[in-house]
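Heads up: the structure comes next, in structure tokens.
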């Protein structure tokens, strides 16, 4: 087999773990773009190290271990960012047993709750968390004082946390057989 070729079995395992790997990385990084970049870097490292993987070993655990180090490397590069997780926090989060089903359930509940927000709250939320705009830019775009935007973001977070807490048990009950 040529040096840069990976086996069919390895590629099947890699494809099979992608969604869980992305969810894991997304839990450790504050935005989707960074998570997608780290997933690509992780996949590259996994492929480069494919010859080192023991087929009798736990592929998922091995992949998550490499992803954790890629997240830490990414955070080291991004230290100049205003918002970042400490290495200690990432290590703590990464060391917990990652529950993919619970993560997906929480994501579903969050999307339902986000959709229930009034339009003006969804707009502010989108600008701040999806577009990653600064408070100053949001205030300028909406022609509103910073105190009003800050207060609205606080209420958005409170509303979403309360709503998610209420929705998760209902979603769990709906998914039980």
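Residue numbers (my numbering): 6 to 182.
Idealized CB from N, CA, C, for every residue including glycine.
Check	Outcome
With a cut-off of 8 Å on the beta carbons, I'd call residue 143 and residue 161 a contact; round off their distance for me.	Their Cβ separation, rounded to whole angstroms, is 12 Å, which puts residue 143 and residue 161 out of contact at 8 Å.
Tell me where the alpha helix (DSSP H) around residue 58 begins and ends.	Neither: residue 58 is in no alpha helix (DSSP H) and is coded neither H nor E.
I need the straight-line Cα distance from residue 123 to residue 165, nearest angstrom please.	12 Å
Any chance you could list the beta strand (DSSP E) runs of at least 3 consecutive residues sitting entirely within the stretch 149-177, in chain order?	none
Quick one: is residue 6 buried, meaning 16 or more other Cβ sit within 10 Å of its Cβ, or exposed?	Reliability fails at residue 6, whose pLDDT of 42 lies under 50, so the model's placement of it is uncertain and the value that follows must be treated cautiously. Residue 6 is exposed by the Cβ-count criterion.
To the nearest angstrom, report how far apart residue 112 and residue 50 are at their CA atoms.	28 Å
With a 10 Å radius around its C-beta and 16 neighbouring C-beta atoms as the bar for buried, classify residue 140 as buried or exposed.	exposed
Rounded to whole angstroms, what is the Cα-Cα separation between residue 154 and residue 22?	39 Å
Straight-line CA distance for residue 44 to residue 11?	18 Å
Locate the alpha helix (DSSP H) running through residue 29, then write down its first and last residues.	13-33
Just how far apart, CA to CA, sit residue 149 and residue 117?	27 Å
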